[in-house]
Amino acid sequence: MEVRVGSVEEVRRDGCRIVEVNGQPVGVISIGEEFFAITDRCPHMGASMCAGSLSGTFVASEPHEYVYGKAGRVIRCPWHGWEFDLESGRSLLEPKRFGLKTYRVTQLDGEVVLHV
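For the sequence shown, UniProt numbering assigns the number 1 to the initial residue and increments by one for each residue that follows.
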(Lines of atoms letter the chains of each structure in order from A and count residues from 1; the text may use other names and numbers.)
(Lines give C-alpha, C1' and ligand atoms only; values in the text may rest on other atoms or scores of the structure.)
Protein backbone atom coordinates (compact mmCIF):
# COMPACT_ATOMS: atom_id res chain seq x y z
CA MET A 1 0.00 0.00 0.00
CA GLU A 2 1.21 3.51 -0.79
CA VAL A 3 0.32 6.59 1.23
CA ARG A 4 0.84 10.04 -0.29
CA VAL A 5 2.29 12.18 2.49
CA GLY A 6 2.47 15.54 0.74
CA SER A 7 4.71 17.47 -1.58
CA VAL A 8 8.47 17.19 -1.11
CA GLU A 9 8.64 20.91 -0.28
CA GLU A 10 5.87 20.70 2.35
CA VAL A 11 7.36 17.70 4.13
CA ARG A 12 10.84 19.26 4.09
CA ARG A 13 9.43 22.47 5.53
CA ASP A 14 7.58 20.59 8.29
CA GLY A 15 10.62 18.47 9.17
CA CYS A 16 8.34 15.71 10.44
CA ARG A 17 4.84 14.94 9.27
CA ILE A 18 2.60 12.42 11.03
CA VAL A 19 0.25 10.28 8.97
CA GLU A 20 -2.08 7.53 10.14
CA VAL A 21 -1.55 4.04 8.77
CA ASN A 22 -4.00 1.32 9.82
CA GLY A 23 -4.90 3.37 12.89
CA GLN A 24 -1.27 3.89 13.92
CA PRO A 25 0.74 7.14 13.72
CA VAL A 26 3.79 7.08 11.45
CA GLY A 27 6.28 9.95 11.40
CA VAL A 28 7.82 10.86 8.05
CA ILE A 29 11.02 12.78 8.73
CA SER A 30 12.99 14.95 6.33
CA ILE A 31 16.76 15.17 6.71
CA GLY A 32 18.52 17.03 3.93
CA GLU A 33 17.57 15.32 0.69
CA GLU A 34 16.40 12.11 2.38
CA PHE A 35 13.19 10.96 4.03
CA PHE A 36 12.78 8.38 6.80
CA ALA A 37 9.61 6.93 8.31
CA ILE A 38 9.17 5.38 11.76
CA THR A 39 6.34 4.52 14.11
CA ASP A 40 5.60 7.73 15.96
CA ARG A 41 5.29 6.16 19.41
CA CYS A 42 8.26 5.47 21.68
CA PRO A 43 8.17 1.84 22.85
CA HIS A 44 8.95 2.97 26.41
CA MET A 45 5.87 5.04 27.29
CA GLY A 46 4.30 6.10 23.99
CA ALA A 47 5.58 9.64 23.48
CA SER A 48 5.42 11.09 19.98
CA MET A 49 8.88 10.62 18.46
CA CYS A 50 8.26 13.52 16.08
CA ALA A 51 8.13 15.80 19.13
CA GLY A 52 11.67 14.68 19.96
CA SER A 53 14.99 15.94 18.66
CA LEU A 54 17.42 14.80 15.99
CA SER A 55 21.11 14.46 16.71
CA GLY A 56 24.04 12.13 16.19
CA THR A 57 26.01 9.88 18.51
CA PHE A 58 29.48 8.56 19.15
CA VAL A 59 30.35 5.73 16.77
CA ALA A 60 32.76 2.81 17.05
CA SER A 61 36.37 3.93 16.87
CA GLU A 62 39.82 3.15 18.22
CA PRO A 63 40.38 2.84 21.99
CA HIS A 64 40.54 6.27 23.72
CA GLU A 65 39.26 7.94 20.56
CA TYR A 66 35.84 9.58 20.40
CA VAL A 67 34.25 9.99 16.98
CA TYR A 68 30.89 11.72 16.56
CA GLY A 69 28.81 10.37 13.70
CA LYS A 70 25.31 9.68 12.39
CA ALA A 71 24.66 13.43 12.50
CA GLY A 72 20.93 14.06 12.22
CA ARG A 73 20.19 10.33 12.02
CA VAL A 74 19.42 9.66 15.68
CA ILE A 75 16.00 10.57 17.05
CA ARG A 76 15.57 11.15 20.79
CA CYS A 77 12.30 10.64 22.64
CA PRO A 78 11.11 13.94 24.15
CA TRP A 79 10.01 12.36 27.45
CA HIS A 80 12.91 10.20 28.65
CA GLY A 81 15.65 10.59 26.04
CA TRP A 82 15.55 7.10 24.53
CA GLU A 83 17.54 7.22 21.29
CA PHE A 84 16.89 5.35 18.05
CA ASP A 85 18.75 5.03 14.76
CA LEU A 86 16.48 6.44 12.04
CA GLU A 87 17.77 4.06 9.39
CA SER A 88 17.32 0.80 11.29
CA GLY A 89 14.82 1.89 13.95
CA ARG A 90 16.91 0.11 16.59
CA SER A 91 17.52 1.52 20.08
CA LEU A 92 21.07 2.77 20.60
CA LEU A 93 21.12 1.47 24.17
CA GLU A 94 19.51 -1.96 23.69
CA PRO A 95 19.25 -2.66 19.94
CA LYS A 96 18.29 -6.31 20.37
CA ARG A 97 15.38 -5.49 22.70
CA PHE A 98 13.84 -2.23 21.53
CA GLY A 99 13.16 -0.50 18.26
CA LEU A 100 10.81 1.50 16.13
CA LYS A 101 9.26 0.04 13.00
CA THR A 102 10.71 1.66 9.90
CA TYR A 103 9.05 2.14 6.52
CA ARG A 104 10.35 2.76 3.02
CA VAL A 105 9.84 6.28 1.67
CA THR A 106 10.22 7.39 -1.95
CA GLN A 107 9.59 10.47 -4.04
CA LEU A 108 7.29 10.36 -7.06
CA ASP A 109 6.32 13.34 -9.19
CA GLY A 110 7.27 15.81 -6.45
CA GLU A 111 5.34 13.90 -3.78
CA VAL A 112 6.61 11.96 -0.76
CA VAL A 113 5.26 8.40 -0.79
CA LEU A 114 5.19 6.11 2.24
CA HIS A 115 5.23 2.38 1.47
CA VAL A 116 3.51 0.12 4.02
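Where is the CB? At the ideal position from N, CA and C, for every residue including glycine.
Delimiting residues of the beta strand (DSSP E) encompassing residue i
i: E83; result: E83 to D85
i: V112; result: E111 to H115
Cβ-based burial, residue i [other Cβ within 10 Å; buried from 16]
i: L86; result: buried
i: S30; result: buried
i: T106; result: exposed
Cα-Cα separation, residue i to residue j
i: G56; j: R73; result: 6 Å
i: M49; j: F36; result: 13 Å
i: T102; j: R41; result: 12 Å
Which of helix, strand or coil DSSP assigns to residue i
i: C16; result: strand
i: E62; result: coil
i: A47; result: coil
Practice task
Taking 8 Å as the threshold, find out whether the stretch 96-110 comes into contact with the stretch 58-72 through three or more Cβ pairs.
Solution key: no
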